[in-house]
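S.K.: My numbering applies: residue 1488 is where the sequence shown begins, and numbers increase by one.
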Amino acid sequence: MRLNTKYIKITAAILFIGFISFSFKTEQDPPIKSEISFEKGETLTYVAGYSVFEAGEAVVHLDKKLHQVNGEETYKVDVTGRSIGMFGMTMKIRDLWQSYFSTSTLYPVQFNRDIIEGGYTLEEKINFDQVNGKVDAEWKKKDKEEIHIEHYEMPPNTHDVISGYYYLRTLDYDQMTKGDTISLNSFWENKAYDFDIVYLGVEKVYTKFGRIESYVMSPIMPENQLFSGTHPIKFWVSKDINRIPLKIQAELIVGSVNVDLVRYKGLKQKLKKSK
1488 MRLNTKYIKI TAAILFIGFI SFSFKTEQDP PIKSEISFEK GETLTYVAGY
1538 SVFEAGEAVV HLDKKLHQVN GEETYKVDVT GRSIGMFGMT MKIRDLWQSY
1588 FSTSTLYPVQ FNRDIIEGGY TLEEKINFDQ VNGKVDAEWK KKDKEEIHIE
1638 HYEMPPNTHD VISGYYYLRT LDYDQMTKGD TISLNSFWEN KAYDFDIVYL
1688 GVEKVYTKFG RIESYVMSPI MPENQLFSGT HPIKFWVSKD INRIPLKIQA
1738 ELIVGSVNVD LVRYKGLKQK LKKSK
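(1) Enumerate in chain order the residues of its own chain whose CB-to-CB distance from E1526 is below 6 Å, with the five nearest sequence positions on each side excluded.
(2) Within the chosen definition, does the stretch 1618 to 1629 reach the stretch 1575 to 1589 through at least 3 CB pairs nearer than 8 Å?
(3) Identify whether M1708 lies in helix, strand or coil by the three-state DSSP scheme.
(4) Whose C-beta lies closer than 7 Å to the C-beta of E1529 among residues of the same chain, with five residues either side of it excluded?
(5) M1576: buried (16+ other C-beta within 10 angstroms of its C-beta) or exposed?
(6) Excluding sequence positions up to five away, which residues of its chain have a Cβ less than 8 Å from the Cβ of K1665?
(7) When you compare the stretch 1673 to 1680 with the stretch 1738 to 1749, are there three or more beta-carbon pairs, one atom per stretch, that lie closer than 8 Å?
(8) Based on Cα-Cα distance, which residue from N1599, V1547, S1570 lies nearest to G1536?
(9) Does DSSP put F1588 in a helix, in a strand, or in coil?
(10) Verify the contact flag: Y1587, CB atom, against every heavy atom of the ligand GTP, threshold strictly below 8 Å.
(11) Between F1574 and A1542, which are expected to be in contact by the criterion C-beta below 8 Å, what is the C-beta distance as a whole number of angstroms?
(12) Is the stretch 1694 to 1701 in contact with the stretch 1724 to 1735, if contact means three or more CB pairs nearer than 8 Å?
(13) Quick check: Y1533 and V1746, are their CB atoms within less than 9 Å of each other?
(14) Applying the 10 Å Cβ sphere with the 16-neighbour rule, what's the burial state of L1593?
(15) Candidates K1552, K1627, P1595, S1705: which alpha carbon is nearest P1642's?
(16) Only counting the same chain, and skipping five residues up and downstream in sequence, which positions put a Cβ closer than 8 Å to that of N1557?
Take a look at the structure:
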């Protein structure tokens, strides 16, 4: 059976959409818990599937050490992604996304990408000036020597695609009401974007580790020919001290994509099953 490369690319994108969708700076800051919900050395592994086929794997690792970058003390997070199964035989994806973000503010200082997606390759380094809202980017193709240098503007105190994921885990969802909307800005691939995310409340979601109580959210998507339904993309985040994404589900016009947590280590607390 030959799989359509259109859906291979869709699945690869959805695998990381959880990080992208929550890369933001809110216009009005949502409630934040005083305690940090992640531990250095934490590692989370997710598998994405399209229909009945496994398509990709992503590993999110928070380094045990702190790093000095551009004069700031930072956390370092690596997100590695690869295509697997029949999708992997059709299209090779080997991505490394890396973020250094401030230990005091959680805003990014530097963001790097080293990616292979079929015939497309990229090496990229982005430095953030959070005070002045400036972005300095360097990038090149793997098979080319020429280095491109570009400069952009962004709203001050904006997250990258990884630091926003960790900031998300510090929010106090118990202070939110079902239907609340968070308006936010994000910077992704040389542009600033506006996003709205709806908080859908609390429910128990089935996972590899049992049924777990979780917070549910959904980004508001523009009308398009890809997604289906009122809330086509949903995220389930554990309702415990860890605040980790457990599952992402995207309803497409043709089929659906699911991203599930399959392994974890280094959490503050072991995931607990709900009754």
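A virtual CB, placed ideally from N, CA and C, is assigned to each residue, including glycine. Everything numeric in this text was worked out from a predicted model, so none of it was measured.
M.R.: Looking at the coordinates:
(1) The residue labelled residue 1526 in the question sits at position 39 within the sequence shown. Closer than 6 Å at the Cβ level, and outside the excluded window around E1526, lie G1753, K1755.
(2) The stretch 1618 to 1629, when compared against the stretch 1575 to 1589, does not touch it at the 8 Å Cβ threshold.
(3) As a first step, residue 1708 must be located in the sequence shown, where it is residue number 221. In this structure, M1708 counts as coil in the three-state DSSP scheme.
(4) The count along the sequence shown starts at 1 and reaches residue 1529 at position 42. Result list for E1529: L1549, G1753, L1754, in chain order.
(5) As a first step, residue 1576 is located in the sequence shown; it is residue number 89 there, counting from the start. When all chains shown are included, M1576 counts as exposed.
(6) Translated into the one-based positions of the sequence shown, residue 1665 becomes position 178. Within the same chain, K1665 has close Cβ partners Y1686, L1687, G1688.
(7) The stretch 1673 to 1680 vs the stretch 1738 to 1749: no contact.
(8) Mapped onto the sequence shown, residue 1536 falls at position 49. Per the Cα distances, S1570.
(9) Here residue 1588 refers to the residue found at position 101 of the sequence shown. Per DSSP, reduced to three states, the secondary structure at F1588 is strand.
(10) The ligand GTP is absent from the structure shown, which contains no ligand whatsoever.
(11) If you number the sequence shown from 1, residue 1574 lands on position 87. If you number the sequence shown from 1, residue 1542 lands on position 55. Right, the Cβ-Cβ distance comes to about 4 Å (below 8 Å), so this counts as a contact.
(12) yes
(13) As a working mapping, residue 1533 is identified with position 46 in the sequence shown. As a working mapping, residue 1746 is identified with position 259 in the sequence shown. Against a cut-off of 9 Å, the Cβ pair of V1746 and Y1533 comes out as a contact.
(14) As a position in the sequence shown, residue 1593 is number 106, starting the count at 1. Classification of L1593: buried, given that the 10 Å Cβ count is 16 or more.
(15) On the sequence shown, position 155 is the one that residue 1642 refers to. It is P1595 whose Cα lies nearest to the Cα of P1642.
(16) Stepping through the sequence shown from its first residue, residue 1557 is reached at position 70. Cβ within range, chain order: V1596, Q1597, N1614.
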